[in-house]
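J.:
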Amino acid sequence: MIMVILAVLVWCGGWWLNSRLANGSRSSTREVQLLVPTIFGLTLLLVWQLLVRGLDVPLVILPAPTDIGAAFGANLSKLWEDFLQTFVKGALSGYVIGCSAAFLMAIVMDRSDFLRRGLLPVGNFVAALPIVGTAPILVMWFGFDWHSKAAVVVVMVFFPVLVNTVAGLRETSAMQRDLMQTYAASYWQSFFKLRLPAALPFIFNGLKISTTLALVGAIVAEFFGSPTVGMGFRISTSVGQLALDMVWAEIVVAALAGSMFYGAVALIEKSLTFWHPSQRR
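Everything in the sequence shown is counted per the UniProt record's numbering, starting at 1 for the first residue and increasing by one.
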């Protein structure tokens, strides 16, 4: 009971401190923007730890953060191998292939009304297909190694990037396009100097959405067959062994990898679209 009361006090204290920081800083400095989520995260972990210990929650229901940290430290080599197999080989390779193919297809569709009107409805249909239905088929086609996981990722990221890129390439106004024609600009001159810069915010929206889809797709695809390595394989086998601390350690690795992946794409977007109103302060 003491642990539960302490958890409530910690939560109230963290809430009060964050409220003071958020409301007391009118300038909203970078330090405050980093400090507020840090305090919230630490408060959440501490409350989690106190409640699990105070209520004697079984390990198979919810392990404490210290248990997850111990499993993380004791299995660093396995976690690193799983990261390389799932993220680097499966998710990242499929992401690069799928996004590159989607960008090239968007350029082709931009020059053909027939393809644009014909493929976009098909793309919306394929994007709505559940991954649990397509992943087993692709695993059977491409084998149990990382190639099938990359194929699943390609299918998942292709159409979000395609739809956003096609929409972005049509973002310029008729007056802007007419101005380029008055300068006798060719299609590619107009593309690189006008339409592609205007489409970058849309393209990066698709790229950022696809960062999470890529990792989720690679992990789920491993549930349907993989070698004895990978995040999805480790999660499925650890659940069968009731090793929930290892499952949560894999979730931590996936969360860190996904967050850093999204952050890297966001940083590239900020450097290339600094002129856009969404990047101004």
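Built from N, CA and C at the ideal position, the CB exists for glycine as well. In this text the structure is predicted, and so the values were computed from the model without any measurement.
Mapping the DSSP letters down to three states, classify residue 282 as helix, strand or coil.
T.: In the structure as shown, the chain starts at 1 and stops at 281, and residue 282 therefore has no counterpart that could be examined.
J.: Go to Asn124, then tell me how far its alpha helix (DSSP H) extends in each direction, as first and last residue.
T.: If you number the sequence shown from 1, residue 124 lands on position 124. Unbroken alpha helix (DSSP H) run through Asn124: 113–127.
J.: Output the residue ranges of the alpha helix (DSSP H) runs that lie fully inside the stretch 189–238 and measure 4 residues or longer, sorted by chain position.
T.: Within the stretch 189–238, the complete alpha helix (DSSP H) runs of at least 4 residues are 196–222.
J.: Rounded to whole angstroms, how far is the Cβ of Ala214 from the Cβ of Val153, which I believe are closer than 8 Å?
T.: Here residue 214 corresponds to residue number 214 of the sequence shown, with the count starting at 1. Here residue 153 corresponds to residue number 153 of the sequence shown, with the count starting at 1. Yes, they are in contact, since the Cβ atoms of Ala214 and Val153 sit about 5 Å apart, within 8 Å.
J.: Which residues in the same chain have their Cβ closer than 8 Å to the Cβ of Glu40, if we skip the five residues on either side of it in sequence?
T.: Counted from its first residue, the sequence shown places residue 40 at position 40. Correcting the residue type first, residue 40 is Phe in the shown sequence and not Glu. The answer, listed in chain order, is Gly14, Asn18.
J.: What do you reckon, are the CB atoms on Ser210 and Val157 nearer than 8 Å?
T.: If you number the sequence shown from 1, residue 210 lands on position 210. If you number the sequence shown from 1, residue 157 lands on position 157. Contact: yes.
J.: On the three-state DSSP scale, how would you describe Met156?
T.: Counting from one through the sequence shown, the residue named residue 156 turns up at place 156. Helix.
J.: What are the start and end residues of the alpha helix (DSSP H) that includes residue 370?
T.: Examination of residue 370 is not possible in this model, given that the chain is present from 1 through 281 alone.
J.: Is it true that the stretch 77–92 meets the stretch 252–270, where meeting means three or more beta-carbon pairs spaced less than 8 Å apart?
T.: Enough Cβ pairs lie closer than 8 Å, so yes.
J.: Between which two residues does the alpha helix (DSSP H) harbouring Glu171 extend?
T.: Locating residue 171 in the sequence shown gives position 171, counting from the first residue. Run containing Glu171: none; DSSP gives neither H nor E here.
J.: Are Ala198 and Thr172 touching if we call contact CB-CB under 8 Å?
T.: Within the sequence shown, numbered from 1, the residue matching residue 198 stands at position 198. Within the sequence shown, numbered from 1, the residue matching residue 172 stands at position 172. Taking 8 Å as the Cβ cut-off, Ala198 and Thr172 qualify as a contacting pair.
J.: How many Å lie between Ala106 and Arg234 at the Cα?
T.: As a working mapping, residue 106 is identified with position 106 in the sequence shown. As a working mapping, residue 234 is identified with position 234 in the sequence shown. Cα to Cα, Ala106 sits roughly 37 Å from Arg234.
J.: Between the stretch 62–82 and the stretch 225–243, do at least 3 Cβ pairs fall closer than 8 Å?
T.: Output reads yes: the stretch 225–243 touches the stretch 62–82.
J.: Cα separation between Leu6 and Lys208?
T.: Position 6 of the sequence shown, counted from the first residue, corresponds to residue 6. Position 208 of the sequence shown, counted from the first residue, corresponds to residue 208. Roughly 39 Å between the two C-alpha positions.
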